[in-house]
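Remarks on the structure that follows.
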Amino acid sequence: MCGIVGYIGNKEALPILIDGLKRLEYRGYDSAGFSVLNGNGIMTEKAVGKVVELENKVNGKNIKGSVGIAHTRWATHGKPSERNAHPHCDCEKNIFLVHNGIIENYKELKADLEKLGHKFSSETDTEVLAHLIEEYAKQVPWEEAVWRTLAHVQGTYGIATIKADDPERIIVARNGSPLVLGILEDGFIIASDIAPIVRHTDRVIYLEDGEMAEITKEKYEVINFKRKKVAKEISKIDWTLEEAEKKGYDHFMMKEIMEQPEAVENSIRGRLVVGEGIAKLGGLRDVAERTRHLKRIVIVSCGTSYYAGLVGKYMFEEYAGIRTDVEYASEFRYRKPILDEETAVLAISQSGETADTLAAIREAKNKGALTLGIVNVVGSTIARETDAGVYNHAGPEIGVASTKAFTSQLSILALFTLFLGRQRDMSYVMGKRIAEELEKIPELIKTILKQSGEIKKIAKKYSSFSNLFFLGRKYNFPIAMEGALKLKEISYAHAEGYPFGEMKHGPIALIDKNFPVVAIATKDSVYEKTMSGIQEVKARSGKVIALATKGDREIQKMVDDAVFVPKTLEMLTPLLSVVPLQLFAYYFAVNKSLDVDKPRNLAKSVTVE
Ligand code: M6R
Numbered sequence: 014m015c016g017i018v019g020y021i022g023n024k025e026a027l028p029i030l031i032d033g034l035k036r037l038e039y040r041g042y043d044s045a046g047f048s049v050l051n052g053n054g055i056m057t058e059k060a061v062g063k064v065v066e067l068e069n070k071v072n073g074k075n076i077k078g079s080v081g082i083a084h085t086r087w088a089t090h091g092k093p094s095e096r097n098a099h100p101h102c103d104c105e106k107n108i109f110l111v112h113n114g115i116i117e118n119y120k121e122l123k124a125d126l127e128k129l130g131h132k133f134s135s136e137t138d139t140e141v142l143a144h145l146i147e148e149y150a151k152q153v154p155w156e157e158a159v160w161r162t163l164a165h166v167q168g169t170y171g172i173a174t175i176k177a178d179d180p181e182r183i184i185v186a187r188n189g190s191p192l193v194l195g196i197l198e199d200g201f202i203i204a205s206d207i208a209p210i211v212r213h214t215d216r217v218i219y220l221e222d223g224e225m226a227e228i229t230k231e232k233y234e235v236i237n238f239k240r241k242k243v244a245k246e247i248s249k250i251d252w253t254l255e256e257a258e259k260k261g262y263d264h265f266m267m268k269e270i271m272e273q274p275e276a277v278e279n280s281i282r283g284r285l286v287v288g289e290g291i292a293k294l295g296g297l298r299d300v301a302e303r304t305r306h307l308k309r310i311v312i313v314s315c316g317t318s319y320y321a322g323l324v325g326k327y328m329f330e331e332y333a334g335i336r337t338d339v340e341y342a343s344e345f346r347y348r349k350p351i352l353d354e355e356t357a358v359l360a361i362s363q364s365g366e367t368a369d370t371l372a373a374i375r376e377a378k379n380k381g382a383l384t385l386g387i388v389n390v391v392g393s394t395i396a397r398e399t400d401a402g403v404y405n406h407a408g409p410e411i412g413v414a415s416t417k418a419f420t421s422q423l424s425i426l427a428l429f430t431l432f433l434g435r436q437r438d439m440s441y442v443m444g445k446r447i448a449e450e451l452e453k454i455p456e457l458i459k460t461i462l463k464q465s466g467e468i469k470k471i472a473k474k475y476s477s478f479s480n481l482f483f484l485g486r487k488y489n490f491p492i493a494m495e496g497a498l499k500l501k502e503i504s505y506a507h508a509e510g511y512p513f514g515e516m517k518h519g520p521i522a523l524i525d526k527n528f529p530v531v532a533i534a535t536k537d538s539v540y541e542k543t544m545s546g547i548q549e550v551k552a553r554s555g556k557v558i559a560l561a562t563k564g565d566r567e568i569q570k571m572v573d574d575a576v577f578v579p580k581t582l583e584m585l586t587p588l589l590s591v592v593p594l595q596l597f598a599y600y601f602a603v604n605k606s607l608d609v610d611k612p613r614n615l616a617k618s619v620t621v622e
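Residue numbers (the numbering used here): 14 to 622.
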């Protein structure tokens with residue numbers, strides 16, 4: 014959580030820092046701050062709330078300087094306040110530092126530092142870093158003081174630090190929280206991800222855990238924890254600035270919902286060989302012999318990516334014949350998972366930085382399992398740490414509520430199913446059928462998006478309700494979960510996702526005219542059972558919004574409202590049925606005048622455990 018930016022070069026730092034923070038706001042937005050260095054020392058400003066509050070606060074102030082660091086916060090230690098906002102500094106107000114991560118042993122370090130006379134001015138874990146660097150810097154040069162400090166720290170960090178009496182350098186370091194260095198023509202920009210960098214350059218270096226970099230206007234030097242210089246590879250960013258901006262939509266979430274046909278198309282492009290009924294996954298080439306002999310797959314992920322994993326389980330078991338378990342990454346890592354060389358642990362993560370998913374992958378590696386990834390952000394930590402994997406190519410997802418990454422994940426899971434299935438006993442005919450249907454999905458999503466006006470009306474009609482059920486069976490049970498998550502995270506309504514069949518085992522007690530049900534009732538192998546469930550809800554005066562297959566006249570007579578999706582292969586229905594639920598959640602929240610891109614208490618990328 015939290016986003017950090019730093020700049021050193023020939024331009025004014027402040028506009029670059031503020032712009033960078035805005036692009037990192039998805040990582041946290043409860044307070045923000047910056048420190049800028051000029052010939053007269055360091056100027057620091059902080060504000061509670063979104064970055065625009067900070068921007069308004071400094072508007073008109075003469076803040077000059079071409080070296081600076083900045084931070085947008087998602088509170089972990091200490092409430093959102095100016096006092097707790099970053100940058101934090103030492104007693105002498107000489108060393109300033111921004112941090113993304115958690116210092117687990119900060120209490121002990123703080124107690125030791127207080128005994129030495131250090132005075133703390135915040136409740137954060139981060140502040141110990143500035144004081145510890147100060148303490149060491151009494152004896153050794155600044156960079157060595159940073160090393161020594163980090164050697165005493167337990168936890169995770171991406172840090173950037175500046176020093177008033179050493180104004181020509183920024184020192185940055187990473188352990189567990191991402192840091193990317195952008196190489197500009199006349200300087201450098203450092204950030205938690207490429208979003209603030211992409212408008213300035215497409216040349217970047219990804220720092221690894223245990224690495225520190227000293228950056229001046231002219232050059233950078235990366236050193237690893239063994240104090241050896243590291244020759245870093247320069248990577249090219251393949252996202253354009255335009256892709257990362259709103260393109261005229263009110264919210265990133267809407268833009269990203271609308272981009273789904275393209276996102277799915279990009280995910281399958283060049284990978285689906287329809288004529289042969291196979292998927293070519295270049296990222297799995299090197300491990301293809303191992304995947305052929307896999308006996309089990311364990312999918313680890315969180316939130317929306319977890320629900321994608323649940324759909325993957327149905328796909329893998331039905332069509333590839335591989336036992337598949339899906340685990341919340343946050344639980345997997347604390348259990349004693351039984352893994353072996355014939356098991357693959359597959360991480361699904363949009364950001365590639367989710368701390369729980371990363372920890373699960375590390376645990377799986379220790380236990381000898383093959384680790385695989387389905388990741389959207391190129392060069393992210395999970396992408397780099399897994400043995401092999403497939404990138405989504407869905408483009409940047411900025412809205413906190415995941416939408417296009419989800420449908421993209423589902424399409425990659427369908428490709429995985431083809432890949433694994435055809436390595437086993439999936440027939441050519443079945444492979445071809447899946448490939449043909451998958452290829453049609455982008456066009457089918459477009460037809461659903463055209464109904465957004467209808468869905469908007471339905472969402473408006475129900476937006477005064479504070480409790481809703483989302484119910485579905487088989488492939489659409491995870492979609493019910495995802496529909497409920499979308500609604501709760503952006504509208505703050507209480508939404509419960511359930512397998513339809515479970516309703517009669519307890520939750521049905523809640524049904525009355527004030528507790529509407531969104532029922533996913535597409536024409537598939539469980540359609541009749543779902544229809545019985547809808548009857549049960551109606552018999553208890555429950556209102557039903559049905560998500561049905563185009564042409565289903567029968568259902569329209571039974572329910573209060575209906576949205577229709579086109580017919581496809583049962584295993585691919587989630588790629589369609591989720592879209593109206595995303596639109597429903599979006600309009601429901603917009604109708605309540607909520608900031609859908611930045612819902613309260615959340616952050617896009619959860620890099621804390
Ligand atoms: O980046 P990841 O896919 O690993 O993120 C996992 C979850 O944090 C994420 O899906 C979260 O649940 C979203 N806010 C859902 O919209």
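For glycine and all other residues, C-beta sits at the position ideal for the given N, C-alpha and C.
Whose CA, out of the options, lies closest to the CA of residue i?
i: residue 135; options: 234, 168 and 100; result: 100
i: residue 481; options: 520, 458, 332 and 463; result: 520
i: residue 167; options: 360, 189, 185 and 176; result: 189
i: residue 5; options: 119, 621, 614 and 622; result: Look at the range of the chain in this structure, 14 to 622, and you will see that residue 5 is not part of it.
i: residue 240; options: 223, 228 and 298; result: 223
i: residue 272; options: 603, 72, 459 and 304; result: 459
i: residue 484; options: 417, 557, 110 and 309; result: 557
i: residue 528; options: 561, 465 and 555; result: 555
i: residue 120; options: 165, 195 and 208; result: 165
i: residue 567; options: 478, 540 and 29; result: 540
i: residue 66; options: 81, 80 and 47; result: 47
i: residue 279; options: 262, 421, 619 and 569; result: 421
i: residue 291; options: 127, 403, 442 and 372; result: 442
i: residue 438; options: 111, 486 and 333; result: 333
i: residue 117; options: 80, 324 and 163; result: 163
i: residue 91; options: 510, 524 and 137; result: 137
i: residue 355; options: 369, 311 and 396; result: 311
i: residue 382; options: 98, 103 and 309; result: 309
i: residue 255; options: 247, 265 and 155; result: 265
i: residue 253; options: 237, 215 and 324; result: 215
i: residue 486; options: 444, 543 and 453; result: 543
i: residue 359; options: 348, 414 and 425; result: 425
i: residue 416; options: 588, 565, 56 and 429; result: 588
i: residue 267; options: 466, 97, 453 and 337; result: 466
i: residue 352; options: 376, 110, 41 and 621; result: 376
i: residue 462; options: 537, 599 and 489; result: 599
i: residue 213; options: 204, 220 and 221; result: 204
i: residue 61; options: 94, 33 and 84; result: 94
i: residue 250; options: 209, 510 and 328; result: 209
i: residue 505; options: 414, 69 and 55; result: 414
Kindly give me the distance between the Cβ atoms of residue i and residue j, rounded to whole angstroms, as I take these residues to be in contact under 8 Å.
i: residue 176; j: residue 270; result: Contact flag wrong, Cβ pair sits at about 45 Å.
i: residue 217; j: residue 200; result: Their Cβ separation, rounded to whole angstroms, is 14 Å, which puts residue 217 and residue 200 out of contact at 8 Å.
i: residue 113; j: residue 184; result: That belief does not hold up - the Cβ atoms of residue 113 and residue 184 are roughly 15 Å apart, past 8 Å.
i: residue 277; j: residue 374; result: That belief does not hold up - the Cβ atoms of residue 277 and residue 374 are roughly 25 Å apart, past 8 Å.
i: residue 603; j: residue 590; result: In fact, because the Cβ distance is near 21 Å, the residues do not count as touching under 8 Å.
i: residue 418; j: residue 427; result: 15 Å between Cβ atoms; not a contact.
i: residue 230; j: residue 21; result: 6 Å
i: residue 85; j: residue 45; result: 5 Å
Quickly, what does DSSP pair residue i with across the bridge? List them, please.
i: residue 22; result: 200
i: residue 337; result: 310
i: residue 484; result: 511 and 532
i: residue 72; result: Its beta-bridge partners do not exist; DSSP assigns none.
i: residue 58; result: 47
i: residue 113; result: 171
i: residue 275; result: Looking at the DSSP assignment, residue 275 forms no beta bridge with any residue, so it has no partner.
i: residue 518; result: Paired residue(s): none; residue 518 is not in a bridge.
i: residue 546; result: Residue 546 is not bridged to any residue.
Is the stretch 432 to 449 close to the stretch 488 to 501, with three or more CB pairs under 8 Å? no
Specify which residues have a beta carbon nearer than 5 Å to any heavy atom of the ligand M6R, listing them in chain order. 315, 316, 317, 318, 362, 363, 364, 367, 414, 415 and 619
Is it true that the stretch 433 to 442 meets the stretch 385 to 402, where meeting means three or more beta-carbon pairs spaced less than 8 Å apart? no
Taking contact to mean at least 3 C-beta pairs separated by less than 8 Å, is the stretch 51 to 63 in contact with the stretch 77 to 95? yes
Counting pairs of Cβ atoms below 8 Å between the stretch 463 to 473 and the stretch 296 to 316, do you hit three or more? no
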